[in-house]
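J.:
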Amino acid sequence: MNAENDRPAAMDAIFEQLDQSDIASIKGVVSGVLQIISDPTSTAKNLKEIVEIDPPLTARVLFLANSAHYAPRIKILDIMQAIIFVGFDAIKELALSQKVANIFQNGATVGGYSSEALWKHCLATALFTKMIYRREFRERGDNAYACGLLHDIGIIALQQFMPEVFYRILKTAEAENIALTAAEKAALGFDHADLGRAITEYWNFPEDIVQAIGAHHAPGQDPSRLAQTLFIADTVTRGNELGYESRPAVEKALFQTCLNELNINHQAVALVLADVQKEIANMETQGMLSYGNR
Ligand SMILES: [Fe+2]
Ligand SMILES: [Fe+2]
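Numbering (the numbering used here), first residue to last: 46 to 339.
See the structure below:
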């Protein structure tokens, strides 16, 4: 352990590169949007300020507001118009997802893994988590969306900061048919959930998000509703061709325990899954699933 920050020593190599990386480039916009989410008095103007200081994000938001999906009758030329036309909530999600999409870079494909598969998985997990919040808990689920989007940020960090080790871990997991987290633990002493917790904690993201990310493969570590829902979302997407590895999630007993604790039934899960699959398919047709540095 690094005495100064309680980080496993093997993580230091990653943290040495983090501040200068593309991954760190999401921090400003994502914390800004998270702040807006946590402050009920925030307005469209606060959101506009966050989006407009980021030219690629501004371009993306305008592009999407003018896309066939929203089909405005007159061309939308500024962010405020886009927020009013498309909606405050939708622009918040769009800002988060477009910004986070930038850290998924092309890399090798190993077994079922590729950056593209992981990006689709993170989007599907974000949508799933949010929908469960809205339908089952009657809550807005803003943090839930952000949490789903960011939950596998530890995988991105491993792929970008130690690619050789990461691809070796992927190959081991495939060859031995073990969970990615097990192969990570064996090689590094920590897994991508531990790394995701460390990164988001370092960025001072909201504590519920940090802890849920850290527990997303071991929901026993965090009994919160967010952590349990994230675990459900991650397990269901991975088991339904919205995952990132050939081996599907197999934590059946844990899955059922979480469902019981959240008081959610299998039918509700199946309905949400069907809507997530539909939404992801729509995004794919409309070319909205693009990812990577643009
Ligand atoms: Fe994960
Ligand atoms: Fe995941």
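Glycine is no exception: its CB is placed at the ideal position from the N, C-alpha and C atoms.
Closer than 6 angstroms: is that where the CB of Y134 sits relative to any heavy atom of ligand 2?
T.: Residue mapping note: residue 134 aligns to position 89 of the sequence shown, counting from 1. In the sequence as presented, Tyr is not what sits at residue 134; that position holds Asp. Result no, Cβ not under 6 angstroms from ligand 2.
J.: Could you name the residues of the same chain whose beta carbon sits closer than 7 angstroms to that of A127, not counting the 5 residues immediately before and after it, in chain order?
T.: The residue you call residue 127 lines up with position 82 of the sequence shown. V106, L107, A110, I121 and I136, listed in sequence order.
J.: Could you pull out every residue in the same chain whose Cβ sits closer than 8 angstroms to the Cβ of E221, ignoring the five residues on either side in sequence?
T.: The residue you call residue 221 lines up with position 176 of the sequence shown. Same-chain partners within the cutoff: A228.
J.: May I ask you to check if the CB of D279 is nearer than 6 angstroms to at least one heavy atom of ligand 2?
T.: By one-based count along the sequence shown, residue 279 stands at place 234. Checking the Cβ of D279 against ligand 2 gives yes.
J.: Does the separation of the CB atoms of Q150 and S160 fall below 7 angstroms?
T.: On the sequence shown, residue 150 is found 105 positions in, with the first residue counted as 1. On the sequence shown, residue 160 is found 115 positions in, with the first residue counted as 1. Yes, these two residues count as a Cβ contact at 7 angstroms.
J.: Alpha carbon to alpha carbon, how far is A153 from Q264? Give it in angstroms, no decimals.
T.: The residue given as residue 264 occupies position 219 in the sequence shown. The residue given as residue 153 occupies position 108 in the sequence shown. For the sequence presented, residue 264 should be read as Pro rather than Gln. Computed Cα separation, rounded: 30 angstroms.
J.: Taking the beta carbon of S142 as the centre, do at least 16 other beta carbons fall within 10 Å, making it buried, or is it exposed?
T.: Mapped onto the sequence shown, residue 142 falls at position 97. With 16 or more other Cβ atoms within 10 Å, it is buried.
J.: By alpha-carbon positions, which one of I124, A171, K323 and F133 ends up nearest to V37?
T.: Residue 37 is absent from the structure shown; the chain starts at 46 and stops at 339.
J.: Are I408 and R242 closer than 7 angstroms when you measure CB to CB?
T.: In the structure displayed, the chain extends from 46 to 339; residue 408 sits before or after that span and is not available.
J.: If you reduce the DSSP assignment to three classes, tell me which class V295 lands in.
T.: On the sequence shown, position 250 is the one that residue 295 refers to. Three-state DSSP puts V295 in coil, outside helix and strand.
J.: Which residue from L271, H196, A189 and R52 puts its Cα closest to that of G288?
T.: If you number the sequence shown from 1, residue 288 lands on position 243. That would be H196, whose Cα lies nearest to the Cα of G288.
J.: Let me know if H42 comes out buried or exposed under the rule of 16 or more other beta-carbons within 10 Å of its beta-carbon.
T.: This structure cannot speak to residue 42, because the chain is shown only from 46 to 339.
J.: Express the C-alpha separation of Q65 and A140 in angstroms, rounding to a whole number.
T.: Here residue 140 corresponds to residue number 95 of the sequence shown, with the count starting at 1. Here residue 65 corresponds to residue number 20 of the sequence shown, with the count starting at 1. Rounded to the nearest whole angstrom, the CA to CA distance from A140 to Q65 is 22 angstroms.
J.: Tell whether a beta-carbon distance below 7 angstroms holds between L225 and A231.
T.: Stepping through the sequence shown from its first residue, residue 225 is reached at position 180. Stepping through the sequence shown from its first residue, residue 231 is reached at position 186. Contact: no.
J.: The alpha helix (DSSP H) that contains P100, what's its start and end?
T.: For the purposes of this step, residue 100 is taken as residue 55 along the sequence shown, with counting starting at 1. Run containing P100: P100 to A110, per the alpha helix (DSSP H) assignment.
J.: In its own chain, which residues sit with a C-beta less than 7 angstroms from the C-beta of M56, not counting the 5 before and 5 after it?
T.: Within the sequence shown, residue 56 is the residue found at index 11, counting from 1. The answer, listed in chain order, is F235, L240 and A243.
J.: Flag D267 as yes when its Cβ comes closer than 6 angstroms to any non-hydrogen atom of ligand 2, and as no otherwise.
T.: Numbered from its first residue, the sequence shown carries residue 267 at position 222. The answer is no for D267.
J.: Mind checking whether the beta-carbon of D197 lies closer than 6 angstroms to any heavy atom of ligand 1?
T.: Start at 1 with the first residue of the sequence shown, and residue 197 comes out as number 152. Checking the Cβ of D197 against ligand 1 gives yes.
J.: Decide yes or no for the touch test of the segment 167-181 against the segment 74-81: beta carbon pairs closer than 8 angstroms, at least 3 of them.
T.: no
J.: Is the beta carbon of T88 closer than 7 angstroms to that of I177?
T.: Counting from 1 along the sequence shown, the entry for residue 177 is found at position 132. Counting from 1 along the sequence shown, the entry for residue 88 is found at position 43. No.
J.: Smallest Cα separation from I71: which of F211, F173 and I148?
T.: One-based indexing of the sequence shown puts residue 71 at position 26. The residue with the shortest Cα to Cα distance from I71 is I148.
J.: Using the three-state DSSP reduction, which class does R52 fall into: helix, strand or coil?
T.: Taking the sequence shown and counting its residues from 1, one reaches residue 52 at position 7. It is a strand residue.
J.: Please state whether DSSP places Y115 in a helix, a strand or coil.
T.: Walking along the sequence shown from the start, residue 115 turns up at place 70. Three-state result, Y115: coil.
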